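Take the numbering used here: the last position of the sequence shown gets the number 390, and nothing is skipped along the way.
Using N, Cα and C, we set each Cβ at its ideal position, and we do this for glycine too.
Just so it is clear, the structure is predicted and the values come from calculations on it, not from any experiment.
Here the structure comes first, spelled out in C-alpha cells, and everything after it is commentary.
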Amino acid sequence: MLAIRVNAGIELRLGERMFIDERGASHMDYSTLARIAAVIQSSPVQGWLVIDRDFNVAHANDAYCQLWKVKAQEVIGKYILDLFYHGRKKDKRGRYVEPLIETMDTGHEIALMEVCVSNVYHETNIWCLANTYLLRDDRGDIEYAVGTYLPIDKFKVIERRLDSINLDIIKAFCKAIGVRDAYTKQHSESVAYLMVELAEFMNLSPEEVTKAYLAGIVHDVGKIGVPEKVLAKPGRLSEEEFKVIKCHPVKGAEILAEIDGLGAITRVVRHHHERYDGRGYPEGVAGEDIPFLSRMLSICDAYDAMTSKRCYRDPYTAAQALNEIKRCAGQQFDPVISGNFIQLMKYQHQR
Ligand SMILES: [Fe+2]
Numbered sequence: 040m041l042a043i044r045v046n047a048g049i050e051l052r053l054g055e056r057m058f059i060d061e062r063g064a065s066h067m068d069y070s071t072l073a074r075i076a077a078v079i080q081s082s083p084v085q086g087w088l089v090i091d092r093d094f095n096v097a098h099a100n101d102a103y104c105q106l107w108k109v110k111a112q113e114v115i116g117k118y119i120l121d122l123f124y125h126g127r128k129k130d131k132r133g134r135y136v137e138p139l140i141e142t143m144d145t146g147h148e149i150a151l152m153e154v155c156v157s158n159v160y161h162e163t164n165i166w167c168l169a170n171t172y173l174l175r176d177d178r179g180d181i182e183y184a185v186g187t188y189l190p191i192d193k194f195k196v197i198e199r200r201l202d203s204i205n206l207d208i209i210k211a212f213c214k215a216i217g218v219r220d221a222y223t224k225q226h227s228e229s230v231a232y233l234m235v236e237l238a239e240f241m242n243l244s245p246e247e248v249t250k251a252y253l254a255g256i257v258h259d260v261g262k263i264g265v266p267e268k269v270l271a272k273p274g275r276l277s278e279e280e281f282k283v284i285k286c287h288p289v290k291g292a293e294i295l296a297e298i299d300g301l302g303a304i305t306r307v308v309r310h311h312h313e314r315y316d317g318r319g320y321p322e323g324v325a326g327e328d329i330p331f332l333s334r335m336l337s338i339c340d341a342y343d344a345m346t347s348k349r350c351y352r353d354p355y356t357a358a359q360a361l362n363e364i365k366r367c368a369g370q371q372f373d374p375v376i377s378g379n380f381i382q383l384m385k386y387q388h389q390r
C-alpha cells in the first residue's frame, strides 16, 4: 500500500483516513492515484492538475479542462511542457511559465499566488489564484505535484473599478484569517467566484456584481476576532464556542463600517448567517427582510463549505451539495435564489 505524506495544506482537500505521526507528518493510505483523482474530481469550482516527476500530466479534473479548453484524454499522459509551453520551463525573462512547473522543479510549494498563465495551446491568458502542493512517497521523495487554479479574470475586471488601497487592506485582513485556519485560506475567493457567477446569471447590474464580489471576499472578516482554537476545531463546538463564532457577522460589519467605500456591504455581511425561515443569526430576520446579497451569500457560502474537505468529513460531491440546497430551499435558503443557483451550477457543468 502506498502511503503518501503531504503537507498541512493538502490534507484538507485530499485527505482520507488520515493520521498524524509523532513528528507531525500527515499520512494518507491511498493505494492508487485514482483515489486522489476521485477526490480532486469532486472539486467543482477550481481546476486541479496533477503532474508526475517527469512533468507528465497524471490527472486533470473537469474544471481544469473547461478552463484550459481541453479534453482530459488529450492531456493525460502528455509531457506538460510540450503540451502548453513550447517545451520551456521559463519564459524569456527567466520566470517560470506557471507555478506547478516551478514547484516540481524547485520542490517549493506555492500558496495563494495570483498568476496570469498563458496557454499557448489556445493562445489565451488566464488569471488564476493558484496553490501548489507536493505529494511524496513513503521514502519522502517527490512523486507528484498538484496545482489548484481558481479563475479570477472577472475579479481583475471588477477590481479595476475599485479603490485599490482599500481592497488591498481588506485582502490582507482576509489572508491573515486564512493563515490561522487552513479551511478559510481560499474559502473567501471561492465564495467570491460563486457570487460573481450567480450575480451575472441573475442579470444583476454591474454595481451589484461588484458588491457581490466584495461581499464574497470579506464576508468572514469578523472571524479575525475568533480564537484559533475555536476556528480550527475539528468536530462539534460547545455552546460557548458556538456563541463566540456567532459574533463574526456583527464584528465583520463593524470592521467594514470603518473602511471608506465598503459601507454598502456592511449590512450584507451582518446578515449572511440569517435563514429564510427566520431561525438564523444575528437578528433572526426572515424572508425578504434579509438583504438580497446576504441571501445569495448564504447559498454560495454553504455550497463551498459542503464541497470542501474538512478534517472531520469528506467533501460532498457537487450533486450532493446541490441536492442539499434544494432540500433546504424555503427553510434555510431563499427558494428563488436557490433555484437560480442550481440552474447555474448545472449549466456550468454542461459547458
Ligand atoms: Fe460566516
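Host beta strand (DSSP E) of residue i (start-end)
{"i": "residue 98", "result": "96-99"}
{"i": "residue 286", "result": "First-last for residue 286: undefined, no H or E at that position."}
{"i": "residue 156", "result": "152-158"}
Buried/exposed call for residue i, threshold 16 Cβ in 10 Å
{"i": "residue 288", "result": "buried"}
{"i": "residue 371", "result": "buried"}
{"i": "residue 138", "result": "buried"}
{"i": "residue 313", "result": "buried"}
{"i": "residue 244", "result": "exposed"}
{"i": "residue 250", "result": "buried"}
{"i": "residue 101", "result": "buried"}
{"i": "residue 119", "result": "buried"}
{"i": "residue 380", "result": "buried"}
{"i": "residue 337", "result": "buried"}
{"i": "residue 330", "result": "buried"}
{"i": "residue 375", "result": "exposed"}
{"i": "residue 147", "result": "exposed"}
{"i": "residue 170", "result": "buried"}
{"i": "residue 94", "result": "buried"}
{"i": "residue 189", "result": "buried"}
{"i": "residue 340", "result": "buried"}
{"i": "residue 301", "result": "buried"}
{"i": "residue 135", "result": "buried"}
{"i": "residue 297", "result": "exposed"}
{"i": "residue 276", "result": "exposed"}
{"i": "residue 335", "result": "buried"}
{"i": "residue 309", "result": "buried"}
{"i": "residue 183", "result": "buried"}
{"i": "residue 228", "result": "buried"}
{"i": "residue 131", "result": "exposed"}
Supposed contact pair residue j and residue i - C-beta distance, whole angstroms, cut 8 Å
{"i": "residue 373", "j": "residue 315", "result": "5 Å"}
{"i": "residue 235", "j": "residue 193", "result": "5 Å"}
{"i": "residue 191", "j": "residue 168", "result": "5 Å"}
{"i": "residue 295", "j": "residue 257", "result": "6 Å"}
{"i": "residue 304", "j": "residue 233", "result": "The Cβ separation is near 16 Å, so there is no contact."}
{"i": "residue 99", "j": "residue 114", "result": "5 Å"}
{"i": "residue 408", "j": "residue 103", "result": "As displayed, the chain neither begins before 40 nor continues past 390, which places residue 408 out of reach and without an answer."}
{"i": "residue 230", "j": "residue 238", "result": "Not quite, the Cβ-Cβ distance comes to about 12 Å (not below 8 Å), so this is no contact."}
{"i": "residue 365", "j": "residue 377", "result": "7 Å"}
Residues bridged to residue i (per DSSP)
{"i": "residue 184", "result": "90 and 173"}
{"i": "residue 143", "result": "For residue 143, which the question treats as bridged, DSSP gives no partner whatsoever."}
{"i": "residue 190", "result": "167"}
{"i": "residue 135", "result": "129"}
{"i": "residue 372", "result": "368"}
{"i": "residue 118", "result": "95"}
N- and C-terminal bounds of the alpha helix (DSSP H) containing residue i
{"i": "residue 362", "result": "357-367"}
{"i": "residue 343", "result": "331-346"}
{"i": "residue 226", "result": "226-240"}
{"i": "residue 114", "result": "111-114"}
{"i": "residue 304", "result": "Careful: residue 304 lies outside any alpha helix (DSSP H) and carries neither H nor E."}
{"i": "residue 245", "result": "245-257"}
{"i": "residue 270", "result": "267-270"}
is_contact[residue i, chain B] using C-beta, thresh 7 Å
{"i": "residue 180", "result": "Any reference to chain B falls outside this structure, which holds one protein chain only."}
Original post:
Three or more C-beta pairs closer than 8 Å, one from the stretch 317-332 and one from the stretch 259-270: is that the case here?
Top reply: Of all C-beta pairs linking the stretch 317-332 to the stretch 259-270, fewer than three are shorter than 8 Å, placing the two stretches out of contact.
Original post:
Counting Cβ pairs, one atom from each stretch, are 3 or more of them under 8 Å apart for the stretch 131-145 and the stretch 86-94?
Top reply: Per the Cβ contact rule, the stretch 131-145 is in contact with the stretch 86-94 (3 or more Cβ pairs under 8 Å).
Original post:
Is it a yes or a no for the stretch 357-370 touching the stretch 332-346, going by three-plus beta-carbon pairs under 8 Å?
Top reply: The answer is yes - the stretch 332-346 touches the stretch 357-370, with three or more Cβ pairs under 8 Å.
Subject >> Contact the stretch 173-182 vs the stretch 190-205: 3+ CB pairs below 8 Å >> reply: Because the criterion of three Cβ pairs below 8 Å is not met, the stretch 173-182 and the stretch 190-205 do not touch.
Subject >> Segment contact flag, the stretch 122-136 with the stretch 204-212, C-beta cutoff 8 Å, min 3 pairs >> reply: The stretch 122-136 and the stretch 204-212 do not touch, with fewer than 3 CB-CB distances between them shorter than 8 Å.
**OP:** Flag this pair as touching only if the stretch 96-113 and the stretch 157-166 have three or more C-beta atom pairs under 8 Å; answer yes or no.
**Re:** Contact between the stretch 96-113 and the stretch 157-166 is established, with three or more Cβ pairs separated by less than 8 Å.
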